[in-house]
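Going by the numbering used here, the sequence shown opens with residue 118, and the numbers climb by one from there.
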Amino acid sequence: MSVAGAHDGGIGMGDEDRTALSLTPQPVRVAVVGDVHLGAPLRQLDLAGSAARLREVAYAAAERLIATVSTARPDAVLLTGDLFDRGDGSDTALALAQRMVDEWCVGERPVVAIGGNHDAESDLPGRLRLPRSAHWFAAEQPSTLELPALGLAVHGVSVRERDDVRRVFEAYPEPVAGAFNIAMLHSSLDLAFSKRVCLPVGLDELRGDERYDAWALGHVHRRLVLHEKPLIAYPGGAHAQSENGSGARGFAMFEIGADRSARVTEVDVALEVPAPRWGR
118 MSVAGAHDGG IGMGDEDRTA LSLTPQPVRV AVVGDVHLGA PLRQLDLAGS
168 AARLREVAYA AAERLIATVS TARPDAVLLT GDLFDRGDGS DTALALAQRM
218 VDEWCVGERP VVAIGGNHDA ESDLPGRLRL PRSAHWFAAE QPSTLELPAL
268 GLAVHGVSVR ERDDVRRVFE AYPEPVAGAF NIAMLHSSLD LAFSKRVCLP
318 VGLDELRGDE RYDAWALGHV HRRLVLHEKP LIAYPGGAHA QSENGSGARG
368 FAMFEIGADR SARVTEVDVA LEVPAPRWGR
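This is how it looks when you write it as structure tokens:
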């Protein structure tokens with residue numbers, strides 16, 4: 118089932134089946150992966166060779182991301198937008214994305230994605246074949262996916278176009294009773310961390326929101342934990358792509374307790390290339 122066709126692989130429950138959910142007795146571990154930008158060349162690295170060589174290194178970084186998430190064995194994976202890069206519409210990028218979702222969905226593990234502004238400019242999301250346990254949120258309006266086996270409810274919407282200035286915050290659905298409610302949003306917030314407007318919302322609005330237990334964000338490539346309750350976090354980019362993107366990279370692991378507590382662990386993904394040397 119492709120993203121363009123139905124946006125999901127059949128997991129979750131319909132409104133007619135909706136009942137109050139509850140968290141499992143054991144902690145639930147959710148890997149939050151943001152801004153992979155498959156195929157975007159690592160231009161900030163001082164490497165000998167062509168742009169193709171830099172893109173090759175980027176693909177290798179994505180390969181290590183796939184392996185590291187799989188080794189961590191999370192209960193679910195959230196992709197917070199810009200899986201693809203607008204600059205690379207190649208079959209190689211598509212094949213790598215396909216292997217990513219296929220591998221992460223092994224054992225019917227839920228993989229839940231929203232599209233970012235780069236995804237909105239690419240035709241690759243529409244060519245991705247989603248496994249049964251995967252779901253890609255549509256761009257029309259925010260909606261809800263329930264994961265009863267994990268006691269989770271995930272809410273999200275995809276970016277619709279390159280410059281999507283819609284204010285969708287208030288349109289997000291009501292929380293699911295008894296579940297740990299996570300909202301996904303690919304957003305520039307109030308431009309404090311990004312110069313490009315994308316589904317804007319004020320940080321104070323998120324901090325004061327009583328509907329959800331956590332906000333898993335994308336669009337900003339730095340790792341940021343902006344609030345603890347509700348948990349508001351950017352996992353950062355999977356790898357640095359510019360001088361402003363220096364520092365460790367990887368993904369975030371949300372660990373959710375039966376008492377509705379949540380903590381974040383940053384998981385690094387080794388790049389295994391010469392260290393970046395920034396230059397002007």
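Cβ atoms here follow ideal geometry from the backbone N, Cα and C, with glycine treated the same way.
The continuous alpha helix (DSSP H) containing residue 235 extends over residues 234–237. Residue 351 places its beta carbon 7 Å or farther from that of residue 323. Distance check between residue 326 and each of 307, 340 and 291 places 291 closest, using alpha-carbon atoms only. Counting along the chain, the unbroken beta strand (DSSP E) around residue 261 starts and ends at 260–264. If you check the CB distance, residue 202 and residue 233 do not come in under 7 Å. Contact annotation: the region 176–192 touches the region 213–222, with at least three C-beta pairs closer than 8 Å. Under the criterion of beta carbons closer than 8 Å, residue 366 and residue 386 qualify as touching, at roughly 6 Å. For residue 267, DSSP records no beta bridge to any residue. For the options 230, 229, 227 and 172, the alpha carbon positioned closest to that of residue 209 is the one of 172. Boundaries cannot be given for residue 386, as no beta strand (DSSP E) includes it and DSSP labels it neither H nor E.
Going by C-alpha positions, residue 227 is about 9 Å away from residue 248.
Taking C-beta atoms as the reference points, residue 274 and residue 282 fail to come closer than 7 Å.
Taking 7 Å as the cut-off, the beta carbon of residue 191 is found no closer than this to the beta carbon of residue 374.
In the structure shown, residue 183 falls within a helical segment according to DSSP collapsed to helix, strand and coil.
Using a 10 angstroms sphere on the CB of residue 240, the tally of other CB atoms stays under 16, which defines it as exposed. When only Cα atoms are considered, residue 343 and residue 332 end up about 10 Å apart. Straight-line spacing of the CA atoms in residue 307 and residue 315 works out to 9 Å.
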